[in-house]
Structures are given as C-alpha cells and as structure tokens.
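Peer 1: The structure follows.
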Amino acid sequence: MADPTDPSDAARAGVGTPTPAQVAFRGLCPRCGAPTLFDGWARFAPACSKCGLDFASFNVGDGPAAFLTLGIGTIITVLAIWLELAVGPPWWVHVLLWLPLTAIGVLLSLRAAKGALLALEWRNEAREHRSDGQ
Ligand SMILES: [Zn+2]
37 MADPTDPSDA
47 ARAGVGTPTP
57 AQVAFRGLCP
67 RCGAPTLFDG
77 WARFAPACSK
87 CGLDFASFNV
97 GDGPAAFLTL
107 GIGTIITVLA
117 IWLELAVGPP
127 WWVHVLLWLP
137 LTAIGVLLSL
147 RAAKGALLAL
157 EWRNEAREHR
167 SDGQ
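Read in this note's numbering, the sequence shown has 126 at position 90, and its numbers run on one by one without any break.
In structure tokens form, the structure reads like this:
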C-alpha cells in the first residue's frame, strides 16, 4: 500500500524523479536523477554514487535484447524487402547495407532500452519471484 508521506513512495510516484525516458536517454539514476546509471556504454554501475540505489539488485535480463531483436529486426526486414522489390540490387548490397545497420541500431538502442527497463522496474517495484502476493 502506497504511503504518500513515505519519500520512497513519493519518488516512485514520479514526484521529483526523472521520467523513464530521461533515465534511458541520459543515463540518470531513477531515484535521485544523478547521471550515475551507467559504468560503460551499456553496463550498469553497481550502485548510484549519490543516493546509493543498488542497481545490481535489478535484473533487466534479456528483456531489452528481445525487444530490440523484434523491433529492429522488423524494421530491417521491411526495408530489405522494400529495397529488393523496388531496386533489385545484387545480394552483396544487402549484406553491406543491412548487417552494419543492424549492428549500429542494436548498439545505439541497447543502452536506452536497458535504462528504460531498469527505470520501469524501479518505479513499479518489480522484483524476481515474489511469493507474498504483491
Ligand atoms: Zn541515485
């Protein structure tokens, strides 16, 4: 049950905290808003150096990769089919075009997807295997 006087509940409700999009694109801590979320391009820091939020306790797992595979894979496939039907280029044009674009698309969006998922897990208090009915 949310207690409006509890500062952690107020923070989860979005009062004074960055939005999931801000967390994702700017690498902000979802609780305090400091730019401490990432320790590398797409690697989380162990914890926020400002407020102490333990980022290691969140497990975003393969969720971002699955979303990216489906989303970017769909976009690349549609574009490849369109190019083939419109222009009919040699096969190596497809290789030179779509392989790098897929890799770049995944690398650029993986950081944002991981940040967004962690922000949503924190905001919704999502944890692995809770048997207490919450
Ligand atoms: Zn913080």
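Even glycine gets a Cβ: it sits at the ideal position worked out from N, Cα and C.
Remember, predicted model here, so these are calculated numbers, not experimental data.
1) Reducing DSSP to helix, strand and coil, say where Phe-103 ends up.
2) Tell me the rounded alpha-carbon separation between Thr-41 and Leu-133.
3) Just grab the DSSP bridge partners of Phe-80 for me.
4) Of all the options Arg-79, Leu-104 and Val-59, which has the alpha carbon lying nearest to the alpha carbon of Ile-140?
5) Using DSSP's beta-bridge definition, name the partner residues of Asp-90.
6) In this structure, how does DSSP classify Arg-67 when only helix, strand and coil are distinguished?
7) Along the alpha helix (DSSP H) that carries Ala-138, what are the first and last residues, could you check?
Peer 2: Reading from the atomic positions:
1) helix
2) Note on Thr-41: pLDDT 46, under 50, position unreliable in the model; no value is reported.
3) Phe-74
4) Leu-104
5) In the DSSP output, where bridge partners are listed per residue, Asp-90 has Ala-83.
6) Looking at Arg-67 - three-state DSSP - the assignment turns out to be coil, as it is neither helix nor strand.
7) First, the residue type needs correcting, since residue 138 is Thr and not Ala in the sequence shown. First-last of the alpha helix (DSSP H) with Thr-138: 127-159.
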